[in-house]
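**Q** Take a look at the following structure, please.
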């Protein structure tokens, strides 16, 4: 209820400002009040999410109104049409006001020119000053809050659509942000885990290297800003995880995010690589911009697809493919956060990029001791193992990864549940082991 009241008050004030500007610009006679009306003293309710955002970022009144201009169509479809026709009832094209209309959405939508008109009218010095609110250096752009989309070539930049990022629309209207929708325009999905560090079974050298990534995430702001290393070091941190499938690369990325308070997004390279030449760069631009503004960890699984060795140029398609790889290498190198690439083989990664990794971590197939630990961790506390099951023997006999072992345990547990008991039978376990080994062409010759 507080949010509704706060938003109503804000819209009422924005409408008053628009009416004042319309009267000042189109009125005859012009209104007595030559300066923008001040908001009521109680228009920002302290309990409102939007109010807290405004105060935490110390936004001035013009910045607050710019936010509201972009947010208004999400609250009231006819807001701008109603405000404009109150003074200009006759339909017409008014370039001073800017704006545009969508395909499904038939109401007036603001452009950069709309913001300039409402806040500055035809005052040239104010218009030039206010354009900085939508420049790349401003908070609105750096945090991916507002964007003025590029208009057609040759048209004034401020004639582009003024839009608010969907996650901020959700925050201001619903009080929470939702993960970005997975699509070709945003080819990444958030990954997370309920596991803890003790569930990750790796050798001590790999674990020590993983701690280096945590250390960078925690202390890089001090190193770069307070200690002044920003001018000497390249932005961000790049790590390569390589090793056989199922050895913990994805789990490690998820755990790093979990214990450093950062979201981890796995990039779907099959969606990044477009069948249309040149579209790859476009597909990646939004992803990197959003990730930088949120401080996400980017995880490129099966990175060979884009970071593999470049092809010899035989035709136009090869030429553009190599250009897209070059663009991606540059963008990853300039990313100011943590980027993790995962590959089955270290040799598959382009040599030009290998030099750019600060950390390269090998995830080997587990040895006998590690396999025993994985078996011990895998079973839920609710089950009982058949007396014929000896975990040490399983670890010694079958070369399985952590992912393999979890698949086997899942099958065996489901068989127990199907029978209506909690006993893990040796026969079920052996059947599942055979199935897992068969995936890689291995066969158990005897039991």
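In this note's numbering, the protein residues as written are 11 to 457.
In this text, a Cβ means the ideal position worked out from N, Cα and C, and glycines have one as well.
#1: Would you be able to state if there are at least three C-beta pairs under 8 Å between the segment 303-316 and the segment 264-275?
#2: Please return the same chain residues whose Cβ sits closer than 7 Å to the Cβ of residue 399, not counting the five positions on each side in sequence.
#3: Around the C-beta of residue 411, are 16 or more other C-beta atoms found within 10 angstroms, so that it is buried, or is it exposed?
#4: Any idea which residues DSSP pairs residue 250 with across the strands?
#5: Roughly how far, in whole angstroms, is the beta-carbon of residue 120 from the beta-carbon of residue 80, given that I think they are within contact range, below 8 Å?
#6: If residue 26 sits next to residue 47, beta carbons under 8 Å apart, how far is it from one beta carbon to the other, in whole angstroms?
#7: So what's residue 391 in DSSP terms, helix, strand or just coil?
#8: Specify, as a first and last residue, the run of the beta strand (DSSP E) that residue 275 falls within.
#9: Find out if the Cβ-Cβ distance for the pair residue 371, residue 263 is shorter than 8 Å.
#10: Using three-state DSSP, classify residue 121 as helix, strand or coil.
#11: Hey, could you find the ends of the alpha helix (DSSP H) residue 364 is sitting in?
#12: Thinking residue 173 and residue 261 are a contact (beta carbons under 8 Å), I'd like their distance in whole angstroms, please.
#13: What is the residue span of the beta strand (DSSP E) that residue 198 lies within?
#14: Please report the distance separating the alpha-carbon of residue 472 from that of residue 105.
#15: Counting C-beta neighbours from all protein chains within 10 Å, is the total for residue 112 16 or more, i.e. buried, or is it exposed?
#16: Cα-Cα, which of 428, 449, 432 and 381 is closest to residue 395?
#17: Apart from the five residues on each side of it in sequence, which residues of its chain come closer than 7 Å, Cβ to Cβ, to residue 74?
#18: Expressed to the nearest angstrom, what Euclidean distance is found between the alpha-carbon atoms of residue 358 and residue 235?
#19: Who are the Cβ neighbours of residue 380 in its own chain at under 8 Å, not counting the five residues just before and after it?
#20: Name the DSSP bridge partner or partners of residue 433?
#21: Once you ignore the five residues that flank residue 190 on each side, which residues in its own chain have a CB closer than 8 Å to its CB?
#22: Helix, strand or coil: which one does DSSP assign to residue 307?
#23: If you scan the segment 101-164 from start to end, which runs of the alpha helix (DSSP H) of 4 or more residues do you find wholly inside it?
#24: Considering residue 489, what are the terminal residues of the beta strand (DSSP E) in which it resides?
#25: Please report the straight-line C-alpha distance between residue 143 and residue 347, rounded to a whole angstrom.
#26: For residue 134, count the other beta carbons within 10 Å of its own beta carbon; 16 or more makes it buried, fewer makes it exposed. Which is it?
#27: Exposed or buried, which one is residue 239 when buried takes at least 16 other CB atoms within 10 Å?
#28: Determine whether the beta carbon atoms of residue 182 and residue 60 lie at a separation below 8 Å.
#29: Can you tell me which of 363, 415, 118 and 77 puts its alpha carbon nearest to the alpha carbon of residue 386?
#30: Do you know offhand how far residue 37's Cα is from residue 291's?
#31: Could you pull the start and end residues of the alpha helix (DSSP H) that residue 74 belongs to?
#32: Cβ atoms of residue 117 and residue 87: under 8 Å apart, would you say?
#33: With distances taken Cα to Cα, identify the nearest neighbour of residue 367 among 383, 376 and 345.
#34: Around the Cβ of residue 459, are there at least 16 other Cβ atoms within 10 angstroms (buried) or fewer (exposed)?
#35: Return helix, strand or coil for residue 465, following the three-state DSSP convention.
#36: Since I believe residue 419 is in contact with residue 448 (beta carbons under 8 Å), could you give me their beta-carbon distance rounded to a whole number of angstroms?
**A** With the structure as the only source:
#1: yes
#2: 434, 436 and 439
#3: buried
#4: 351 and 370
#5: 7 Å
#6: 6 Å
#7: coil
#8: 274-277
#9: no
#10: strand
#11: 361-364
#12: At roughly 37 Å, the Cβ-Cβ gap does not stay under 8 Å, so residue 173 and residue 261 are not in contact.
#13: 198-201
#14: The requested residue 472 is not part of the displayed model; the chain covers only 11 to 457.
#15: exposed
#16: 432
#17: 64
#18: 36 Å
#19: 211, 212 and 213
#20: 394
#21: 176, 177, 196, 198 and 300
#22: strand
#23: 122-130, 134-140 and 149-152
#24: The structure shown does not extend to residue 489, since the chain is modelled only from 11 through 457, so no value can be given for it.
#25: 25 Å
#26: exposed
#27: exposed
#28: yes
#29: 415
#30: 48 Å
#31: 71-85
#32: yes
#33: 345
#34: Given a span of 11 to 457 for the chain in the structure shown, any question on residue 459 remains unanswerable.
#35: This structure leaves residue 465 out entirely; the chain is present only between 11 and 457.
#36: Incorrect: roughly 17 Å between the Cβ atoms, too far for contact.
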